[in-house]
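Heads up, the thing below is written out as structure tokens.
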């Protein structure tokens, strides 16, 4: 069965000098789903602490990110972001809405993002 694996990361690794590196630490959460031609929504929204996701698949599929509550299998088509078989892809996850105020004491609302995938040819 065609499978998509999703690993969530809360940040990047750090060197002894405190610099950020492109090395990912251990994932905070991992999910694995069977991808089909009718599309599949990854079962859970990304955690609010997730900053990066790593996607690995054993089949060619198309993926689309979005606000978890508004994702449907119709959200993704074979024309969306393509992930080839045996490819590894790392993406940043925006867990706050675009344009949120960050000044003063105002805290932006956390919006949980998710992922939907469909098998491509």
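In this note's numbering, the protein residues as written are 225 to 345. We put the beta carbon where it would ideally sit given N, CA and C, even for glycine.
Nearest Cα to residue 250 within the set 264, 269 and 278: 278.
In this structure, DSSP gives residue 292 a helical state, which the three-state scheme calls helix. In the DSSP assignment, residue 247 is bridged to no other residue. Rounded to the nearest whole angstrom, the C-alpha separation of residue 247 and residue 235 is 9 angstroms. Sequence-distant Cβ neighbours of residue 260 in its own chain, meaning closer than 8 angstroms and more than five residues away, are 226, 342 and 343. If you check the CB distance, residue 317 and residue 292 do not come in under 8 angstroms. Residue 272 and residue 233 have their C-alpha atoms spaced approximately 11 angstroms apart.
Restricting attention to 335, 289 and 302, the CA atom closest to the CA of residue 314 is found in 289.
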